[in-house]
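Take a look at the structure below.
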Amino acid sequence: MENWDEQTIKAFRKDLLTWYDQEGRAYLPWRVDHNPYRILVSELMLQQTRVDTVITYFNRFMKELPTVQDLAEAPEEKVLKLWEGLGYYSRAKNLHKAAKVVAFDLKGEWPESYDDLLALPGVGPYTAAAIASIAFEQVVPAIDGNFFRVFSRLLKIDDDIAKPKTRKVFYNAVEPIVDPERPGDFNQAIMDLGTSYMKTVDPDTLHSPVRKYNAAYRDGVEDQYPVKTKKKKPVLQRYQALVIYNEKGELLYEQRPKTGLLAGFWTLPLRPIDSIEEIDGEQLSIKPITHVFSHRKWEIWPVAKAVPTELKEGQRFLSVEEQEAIALPKVQHKILDKLKEQL
DNA sequence: GAACCGTGGGG
DNA sequence: TCCCCAAGGTT
Numbered sequence: 001m002e003n004w005d006e007q008t009i010k011a012f013r014k015d016l017l018t019w020y021d022q023e024g025r026a027y028l029p030w031r032v033d034h035n036p037y038r039i040l041v042s043e044l045m046l047q048q049t050r051v052d053t054v055i056t057y058f059n060r061f062m063k064e065l066p067t068v069q070d071l072a073e074a075p076e077e078k079v080l081k082l083w084e085g086l087g088y089y090s091r092a093k094n095l096h097k098a099a100k101v102v103a104f105d106l107k108g109e110w111p112e113s114y115d116d117l118l119a120l121p122g123v124g125p126y127t128a129a130a131i132a133s134i135a136f137e138q139v140v141p142a143i144d145g146n147f148f149r150v151f152s153r154l155l156k157i158d159d160d161i162a163k164p165k166t167r168k169v170f171y172n173a174v175e176p177i178v179d180p181e182r183p184g185d186f187n188q189a190i191m192d193l194g195t196s197y198m199k200t201v202d203p204d205t206l207h208s209p210v211r212k213y214n215a216a217y218r219d220g221v222e223d224q225y226p227v228k229t230k231k232k233k234p235v236l237q238r239y240q241a242l243v244i245y246n247e248k249g250e251l252l253y254e255q256r257p258k259t260g261l262l263a264g265f266w267t268l269p270l271r272p273i274d275s276i277e278e279i280d281g282e283q284l285s286i287k288p289i290t291h292v293f294s295h296r297k298w299e300i301w302p303v304a305k306a307v308p309t310e311l312k313e314g315q316r317f318l319s320v321e322e323q324e325a326i327a328l329p330k331v332q333h334k335i336l337d338k339l340k341e342q343l
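Just so we're aligned: the first sequence equals residues 1 to 343 in UniProt numbering.
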């Protein structure tokens with residue numbers, strides 16, 4: 001691991017921020033000001049999600065719920081509808097809870113320190129540091145995937161970034177490097193660097209504004225950084241989806257459990273099967289609907305069934321209007337698309 | 001500390 | 001088709 005002296009650190013900050021001022025993504029909608037509410041919403045949306053995807057959601061969200069008070073007072077269903085399709089829906093629920101804490105418990109007074117921000121629901125070490133530095137100029141490194149990648153290469157840090165304890169290694173290494181004058185810009189500059197010259201695949205280090213600080217590039221081992229163990233591949237799960245219409249043409253839905261995958265969302269009733277031979281009813285499709293989550297892969301066979309004599313707990317018929325009014329997970333939209341296709 | 005939690009894009 | 005990934009947090 002490299003160890004920079006004070007002179008190198010100062011030169012690095014200057015080169016980084018000079019580049020950031022000229023070529024950073026100042027146009028991103030959450031960078032127009034340092035409003036902590038806008039920063040909070042953007043950071044929650046950006047967790048494990050690409051910038052290009054988030055921009056549209058962010059602008060719509062801000063138009064509908066411009067202030068933390070608006071969000072705190074909004075019904076959860078509205079928040080989820082604005083989040084529909086973004087995934088990791090606990091983020092939306094936590095964002096809603098955090099807004100209530102700030103607007104009601106704290107009476108609109110924002111927590112400004114890293115530790116106080118960390119106490120908000122959905123706000124972990126990275127997000128707390130991002131908000132503290134960007135909105136409140138607190139001098140803390142916002143260590144996300146970009147930060148890991150950039151500094152693993154610059155400093156040749158060999159620790160596995162998939163391991164939780166590695167965060168401390170990086171924190172100790174980079175804490176002295178964060179610019180005390182412009183901590184928020186420093187962190188955002190690292191992110192911009194990490195998605196441009198120092199991106200994961202096919203980086204362009206030769207033209208990077210901080211090439212001369214890049215120890216991995218210097219030693220010709222840049223492709224070995226960051227060190228990161230691979231994720232396990234999703235496990236296949238087969239279901240049959242019960243397609244049941246009532247006399248009004250409404251479709252039977254079932255609410256998922258309050259915890260776990262797609263918690264609380266409505267989908268067609270899904271029944272686990274071990275093989276397609278177990279399908280019980282009129283098969284509506286020759287090919288299954290497949291949907292991949294981060295750790296599971298669903299294979300779904302739609303099956304027509306008769307109208308039940310009475311509804312079970314957690315079941316109800318939904319009209320088309322009702323289906324469009326509530327947030328549905330992507331996999332349910334895929335099922336609906338397939339059903340339309342069959343007609 | 002490992003497993004869980006969504007989705008879409010690109011090679 | 002499959003694999004990897006992308007501004008992580010919670011349990």
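Quick reminder that beta carbons are idealized off the backbone N, C-alpha and C, glycines included.
Same chain, Cβ closer than 8 Å to residue i, neighbours up to 5 away in sequence not counted
i: P234; result: V292, F293, S294, H295, R296 and K297
i: K330; result: G85, G87 and H291
i: G184; result: H34, S133, I134, A135 and E137
i: N59; result: P29
i: I286; result: none
i: F49; result: The sequence given here places Thr at residue 49; Phe does not occur at that position. L86, G87 and Y88.
Beta-carbon spacing of residue i, residue j below 9 Å
i: Y37; j: T56; result: no
i: A215; j: L154; result: yes
i: F61; j: V32; result: no
i: I326; j: L65; result: no
i: L236; j: E299; result: yes
i: R238; j: P272; result: yes
i: K228; j: A162; result: yes
i: K248; j: F186; result: no
Whole-angstrom distance between residue j and residue i, CA atom to CA atom
i: residue 347; j: K93; result: Because residue 347 is not part of the residues shown, which for the chain are 1 to 343, the question remains open.
i: F104; j: P302; result: 45 Å
i: L71; j: P125; result: 23 Å
i: K212; j: L17; result: 15 Å
i: A241; j: L270; result: 5 Å
i: L82; j: S113; result: 29 Å
i: Y245; j: Y89; result: 28 Å
i: K258; j: I39; result: 29 Å
i: G220; j: E278; result: 56 Å
i: T53; j: R25; result: 15 Å
i: K165; j: V307; result: 54 Å
i: G281; j: D274; result: 15 Å
Chain-order list of residues whose beta-carbon lies under 6 Å from that of residue i (same chain, five-residue window excluded)
i: G314; result: E254 and Q255
i: Q7; result: none
i: F147; result: I190
i: Y217; result: T205
i: G194; result: N146, R149 and V150
Beta bridge counterpart(s) of residue i as assigned by DSSP
i: T67; result: Bridge partners of T67: none, in fact.
i: I190; result: According to DSSP, which records beta bridges pairwise, I190 is partnered with nothing at all.
i: E282; result: A304
i: T267; result: E254
i: I273; result: Paired residue(s): none; I273 is not in a bridge.
i: H291; result: W298
i: V243; result: A304
i: L318; result: L251
i: R50; result: For R50, which the question treats as bridged, DSSP gives no partner whatsoever.
i: V235; result: R296
Chain-order list of residues whose beta-carbon lies under 7 Å from that of residue i (same chain, five-residue window excluded)
i: I157; result: M1, F151, V169, F170 and A173
i: K97; result: P121
Just checking, does the stretch 251 to 270 make contact with the stretch 194 to 210 on the three C-beta pairs under 8 Å criterion? no
Cβ contact check for the stretch 140 to 160 and the stretch 169 to 178: 3 or more pairs under 8 Å: yes
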